[in-house]
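Chains as they are written, first to last, in my numbering: chain A, 10 to 270; chain B, 677 to 994.
Everything on this sheet refers to the single structure shown next.
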Amino acid sequence: MSGAGAGETLLGVAGISLRFGGVQALSDVSFDIRRGEIRAIIGPNGAGKTSMLNVINGFYHPQAGRIDFGGHRLSRMRPGFAARHGIARTFQNVALFRGMTTLDNLMAGRALKMRRGFFWQLLRHGPAMREEIEQRRAVEEIIDFLEIEAIRRVPVGRLPYGLQKRVELGRALAMEPELLLLDEPMTGMNLEEKEDMCRYILEVNSQFGTTIALIEHDMGVVMDLSNRVVVLDYGRKIADDVPAVVKQDPAVIAAYLGVAG
Amino acid sequence: MHLLYLILIDPFAQMGAAPDLLAQTLWEGLVSGVLYALIALGFVLIYKASGVFNFAQGIMVVFSALTLVGLYAAGVPALLALAITVGVMFVLAVAVERLVLRPLVNRPDIILFMATFGLTYFLIGFGELVFGGDTKQMITAQLYLPAGAIDLHILGGIVTLQKLDIAAAIIASLMVAALAFVFQYTRIGRALRAVADSHRAALSVGISLNQIWVIVWFAAGIVALATGIMWGARSEVSFALEVVALKALPVLILGGFTSIPGAIVGGLIIGLSEKLFELYWGPLVGGGTEAWFAYVVALIVLFFRPHGLFGEVIIERI
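The structure is reproduced here in structure tokens:
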């Protein structure tokens, strides 16, 4: 495990409530994510985990509550702001640019790092070309790190699911995020792929110091990876502690297994 | 038996007997094909980036041409009028993004499609209000587009190439090539492709959808202007010009709504085949085939390739 968990708060959500018509997706949820830690968000299906990530990343705008991030206090996040301030994410059902190659997907992840104007780009040399080469070098390092050299030039739509998830992680890493949101990074993977993914997540956390918030269903994975766990059930927070304590919590056990009467 | 002869053998015998006529027809088919491709490209750009079939593309052709001609009529020098028209198309793109797309974001595609109907009727009304409803002449000579024709004495006859057609083919090809290049090799192009593939993923890496929408609508506006100048020069500038955009529909069905190469190849196939069919097979059914032949070709393609020749085959998990 990384030695994190003691850092200052990187992101805090307070009193977040989110409603879709008559459906209360989140009610008064508050928790924080500390710099450098791996924070897990767990809960049964429909507990509001993905909604929570969507609130953090600005896809959903909560009706109440606030988000504190990097010195900013916001009532709602916007995706552009999140991306510019170092929040990257992956998606539950993989959202890649399917028609583009692995390389282009990762380069697209660096969209915000490239500043040269349109006409320089048209010329394809001078500052724009230097910039493209610089960015390309950073992308190649990530490709190296994730061991996806062999599929550099393959349109990602053709890749098997496990590799697509890895490319998606690569695209998020290409943004050099401070906070990485992973929505079920291991669903649909076989054991070997899961182990690889676990290793990458740990290495990202320890090597780059990236703070990670992840949603995961595999309890073994959650207990191994995370420093602290938030448990949601029916849109409410029912527990928030280190894995060993959460595992013993009666409310958590009840939420997962159900209680008689 | 005689009918089969007329369908299967006689047309080819005619082609062999008069190769100059065949060459002339192919040339004309090629020119209209390139122009169809250009119109179709306007649709593809917007469809890829926002998933909207832009019904207003046809009226944008008319509106841009009217603006250009109207400005010239008001005493603005031709080239300056062209520059201002480009500016007007940019303002239109920004306005569409702000007033139409942004408030309707995340609504079903059919809502956005209907919104482009609204845009169509707005532009018709606005265009008539400002420039009047009468037919106008395109300012061909003032824009330094060539007039006259070149007669080629080849193949035992004369093949006539209108200089205007040559210019149209060259300009349209250059625009198609430029758009393809931008799409494939620049950062903006990469962002455009990214948005085409997945809106939420594009948002998550910090690509601004609003900015991309302005860019594609502006690009579609430029394409509309080029189409308006070329078609307007071949006939005249009036609201009837809007229907040429409907010719893009079979081109899109043929090529696939999401494919730039598809728009190009589809345009050429439709342009060439309708001219050839009209000349060699048209007399069998009493002529006038150009009005419907393109749609029949598109229909036949749909039987065999429901996503078009180059369209993206969408397989969804259910």
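Cβ atoms here follow ideal geometry from the backbone N, Cα and C, with glycine treated the same way.
Rounded C-alpha distance that separates residue i from residue j
i	j	result
A/L112	B/R869	13 Å
B/W889	B/L747	27 Å
A/A1	B/I929	An answer regarding residue 1 of chain A cannot be provided, because it is not within the stretch 10 to 270 covered by chain A.
A/F29	A/L241	18 Å
A/F78	A/R161	34 Å
A/G171	B/L777	35 Å
A/I221	B/F980	49 Å
A/D250	A/R48	10 Å
B/I815	A/H94	51 Å
B/F997	B/L721	There is no way to answer for residue 997 of chain B, as the model of chain B reaches only from 677 to 994.
A/G14	A/M232	Model confidence at A/G14 stands at a pLDDT of 46, short of 50, so the residue's coordinates are unreliable; what they give is reported in the following sentence. If you take the alpha carbons of A/G14 and A/M232, they lie about 15 Å apart.
B/G947	A/M109	31 Å
B/E773	B/G803	20 Å
A/E204	A/P194	11 Å
A/Q257	A/G74	29 Å
B/F798	A/V103	40 Å
B/Y971	B/P926	5 Å
A/R208	A/G57	27 Å
B/N730	B/I787	12 Å
B/G964	A/F106	45 Å
A/T278	B/V728	Residue 278 of chain A is absent from the structure shown; chain A starts at 10 and stops at 270.
A/V165	B/S726	21 Å
B/M790	B/L742	24 Å
B/V871	A/I247	38 Å
B/L714	B/V852	7 Å
A/I51	A/Q101	14 Å
B/Q818	B/E912	15 Å
B/P753	B/I846	24 Å
B/M765	A/R85	34 Å
A/L35	A/M61	8 Å
B/Y956	A/I142	55 Å
A/L182	A/M206	13 Å
B/V781	A/T59	21 Å
Residues that residue i bridges to, as DSSP identifies them
i	result
A/F29	A/V32
A/T220	A/L188
A/D41	A/G21
A/I51	A/V240
B/V913	B/K812
A/K246	A/L241
A/A264	In DSSP, A/A264 forms no bridge with anything.
A/A73	A/S26
A/P164	A/T110
Minimum Cβ-Cβ distance from residue i to chain B less than 8 Å
i	result
A/L27	no
A/D242	no
A/N54	no
A/P88	yes
A/R98	yes
A/M232	no
A/M61	no
A/R107	yes
A/F78	no
A/A49	no
A/G118	yes
A/R161	no
A/L188	no
A/R93	yes
A/R180	yes
A/F217	no
C-beta neighbour in chain A for residue i, strict 8 Å
i	result
B/V881	yes
B/S874	yes
B/S884	yes
B/A867	yes
B/A870	yes
B/A877	yes
B/R981	no
B/R863	yes
Presumed contact (8 Å Cβ cut-off) between residue i and residue j, rounded CB distance
i	j	result
A/Q72	A/S39	At roughly 15 Å, the Cβ-Cβ gap does not stay under 8 Å, so A/Q72 and A/S39 are not in contact.
A/L223	A/L191	4 Å
B/V737	B/E950	19 Å between Cβ atoms; not a contact.
B/G882	A/L121	4 Å
B/Q733	B/A896	7 Å
B/A974	B/G833	With 8 Å as the limit, B/A974 and B/G833 do not qualify as a contact, their Cβ atoms being about 33 Å apart.
C-beta neighbour in chain D for residue i, strict 8 Å
i	result
A/L112	Of the protein chains in this structure, namely A and B, none is chain D.
What are the start and end residues of each continuous alpha helix (DSSP H) run of 4 or more residues lying completely inside the stretch 820-908 of chain B, in chain order?
Counting only runs of 4 or more, we get 839-861, 863-873 and 875-880.
In chain order, what are the residue ranges of uninterrupted beta strand (DSSP E) at least 3 long that sit wholly in the stretch 76-161 of chain A?
81-83 and 96-98
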